[in-house]
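In this note's numbering, the protein residues as written are 11 to 173. These notes are about the structure you will find just below.
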């Protein structure tokens, strides 16, 4: 081999070692990729619960609000199941008040079909609600993403039991 060929082989070998070393460093780095779960900020749940309750009252929605472990729970007391949309709207506004982010938004509403002693739980992630509020999801797309769970409550004392 000529001197030029030997120099070319040495340069290629050094470049290969540099590239392989870079790949090894990249693969063994301890930096974990960012988690898909939202990381909670400082605990301001009491102030955020109050802000959510105020926002719901301003929308004429009777509901109780609870925030625990990056989860927003809303129990709609009024008879209108469509109030869940007002809850999602208020949830999106909470983000601007430095509340959240919430990994889960769970809304418990009366059964939309009007069945007595029946409730419906709707669940979305905080990101889904935020995408909807930002116009990246339509109402229909958000509705398709909702997880739904229908459940029976105990009938009140004045309600006769079904045969």
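The beta carbon of each residue, even a glycine, is placed where N, CA and C say it ideally should be. Note that this is a predicted model, so its numbers are computed, not measured.
Coil, strand or helix - residue 78 by DSSP: What you label residue 78 is simply residue 68 of the chain shown in a count that begins at 1. DSSP places residue 78 in strand when its eight states are reduced to three.
Those runs of the beta strand (DSSP E) which lie wholly inside the stretch 91 to 169 and span at least 3 residues: Listed in chain order, the complete beta strand (DSSP E) runs (minimum 3 residues) inside the stretch 91 to 169 are 114 to 120, 128 to 134 and 157 to 162.
Assign residue 73 to one of three DSSP states: helix, strand, or coil. By one-based count along the chain shown, residue 73 stands at place 63. Note: residue 73 maps to strand in three-state DSSP.
Test item: CB-CB of residue 74 and residue 61 under 7 Å: On the chain shown, residue 74 is found 64 positions in, with the first residue counted as 1. On the chain shown, residue 61 is found 51 positions in, with the first residue counted as 1. Going by C-beta atoms, residue 74 is not nearer than 7 Å to residue 61.
Check the C-beta distance from residue 113 over to residue 88 and give it rounded, since I have them as a contact under 8 Å. For the purposes of this step, residue 113 is taken as residue 103 along the chain shown, with counting starting at 1. For the purposes of this step, residue 88 is taken as residue 78 along the chain shown, with counting starting at 1. About 26 Å; that fails the 8 Å criterion.
Whole-angstrom distance between residue 142 and residue 148, CA atom to CA atom: The count along the chain shown starts at 1 and reaches residue 148 at position 138. The count along the chain shown starts at 1 and reaches residue 142 at position 132. Distance from the CA of residue 148 to the CA of residue 142, rounded to the nearest whole angstrom, comes to 6 Å.
To the nearest whole angstrom, what separates the beta carbons of residue 101 and residue 129, a pair I think is in contact under 8 Å? Here residue 101 refers to the residue found at position 91 when the chain shown is read from its first residue. Here residue 129 refers to the residue found at position 119 when the chain shown is read from its first residue. That belief does not hold up - the Cβ atoms of residue 101 and residue 129 are roughly 19 Å apart, past 8 Å.
Going by Cα to Cα distance, which pick from 11, 72, 160 and 67 is closest to residue 126? Position 116 of the chain shown, counted from the start, is the residue given in the question as residue 126. Checking every option, the nearest Cα to that of residue 126 belongs to 160.
Where the alpha helix (DSSP H) through residue 16 begins and ends: To locate residue 16, count along the chain shown from 1; it is residue 6. Where residue 16 is concerned, the enclosing alpha helix (DSSP H) stretches over 13 to 38.
Out of 119, 16 and 123, which one is the CA nearest neighbour of residue 72? For this step, residue 72 is matched to residue 62 along the chain shown. Each of 119, 16 and 123 was checked against the Cα of residue 72, and the nearest Cα belongs to 119.
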